[in-house]
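Reading through the structure tokens given below for one structure.
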Ligand code: ZN
Ligand code: FE
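Numbering (the numbering used here), first residue to last: 9 to 265.
Following this line, the structure appears as structure tokens:
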């Protein structure tokens, strides 16, 4: 399996997954047409499938034009997004199996950012859309804090540490500034913040990260850690909360950070 990272629009990421044995390819989140089309042409990949993590316009902006070029492509999304993703012709649910040539994967339904948000686990690569970001997570537009908490801490966090995390936006630097604010004593956060600052100064991309690094540095996966519980109590809720209360407070704090 080969994964090509395709920066799109302002700070979106689309991804091209290519089966190196058969040349068959899939796009995750067709954010913008031209960057995707150029990459597909360049690699000579045969685009067969488009996987959508969710219905937001910044993630499907290139879908219509892509279907104009590749009218036979199958378009997948969560069943509940059928009417919100134009051109979607295949429905997925939690646990659905997917295949790109000889590469196989499976679908995780992770509501929170939107009600139909999906993550795609393809071999050791997890495509998270706007559910999990480098050092952060997506805003709660259609889901409850509990849904997002469960998706992140009850599902994604349990995958192996070496799982590569391919997220939907380049928000890592901003996220780590927040992580450093809520957990100033975390050296792994300070280190990653420094590295990311240098990377961004050089114009480098921060995707993919990996789950182990997120365990160590992403406050939204660390809601039971003492430092965070204490800091959220001091800065926000006034008393130590359970992990869900901490998550809820963190997400609200981040909205206005
Ligand atoms: Zn979104
Ligand atoms: Fe987005």
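Backbone N, C-alpha and C fix where the C-beta goes; we use that ideal spot for every residue, glycine too.
Return helix, strand or coil for residue i, following the three-state DSSP convention.
i           : result
residue 313 : Residue 313 falls outside the range modelled here, since the chain spans only 9 to 265, and no answer is possible.
residue 32  : strand
residue 88  : helix
residue 15  : strand
residue 179 : coil
residue 71  : helix
residue 259 : helix
residue 202 : helix
residue 239 : helix
residue 56  : strand
residue 208 : helix
Taking the beta strand (DSSP E) that residue i falls in, what are its first and last residues?
i           : result
residue 117 : 111-117
residue 224 : No beta strand (DSSP E) contains residue 224, which is instead part of the alpha helix (DSSP H) from 219-225.
residue 24  : 20-26
Measure the Cβ-Cβ separation of residue i and residue j and say whether it is below 8 Å.
i           : j           : result
residue 171 : residue 134 : yes
residue 121 : residue 147 : yes
residue 70  : residue 100 : no
residue 47  : residue 24  : yes
residue 153 : residue 256 : yes
residue 11  : residue 21  : no
residue 301 : residue 16  : The displayed coordinates of the chain run from 9 to 265. Any statement about residue 301 would go beyond what the structure contains.
residue 87  : residue 93  : no
residue 200 : residue 143 : yes
residue 231 : residue 206 : no
Taking residue i as the reference, which of the options has the closest Cα?
i           : options               : result
residue 197 : 185, 206 and 208      : 185
residue 36  : 62, 160, 110 and 94   : 62
residue 166 : 88, 254, 81 and 218   : 218
residue 215 : 239, 119 and 175      : 175
residue 139 : 151, 131 and 130      : 151
residue 227 : 194, 213, 209 and 208 : 194
residue 131 : 88, 173 and 213       : 173
residue 164 : 86, 220, 208 and 179  : 220
residue 18  : 235, 77, 80 and 213   : 213
I'd like to know if residue i contacts chain B, where contact means its C-beta is closer than 8 Å to some C-beta of that chain.
i           : result
residue 197 : This model lacks chain B altogether; it includes just one protein chain.
Given residue i, which residues of its chain have a CB within under 6 Å of its CB, disregarding the five upstream and five downstream residues?
i           : result
residue 248 : 237 and 241
residue 224 : 196
Could you name the residues of the same chain whose beta carbon sits closer than 7 Å to that of residue i, not counting the 5 residues immediately before and after it, in chain order?
i           : result
residue 30  : 109 and 110
residue 53  : 24, 26, 31 and 33
residue 145 : 139, 156, 160 and 228
Under DSSP, the alpha helix (DSSP H) around residue i begins and ends at which residues?
i          : result
residue 41 : 41-51
Skipping 5 residues on each side, what residues in its chain have a beta carbon closer than 8 Å to that of residue i?
i         : result
residue 9 : 25, 26, 27, 28, 108, 111, 130, 131 and 133
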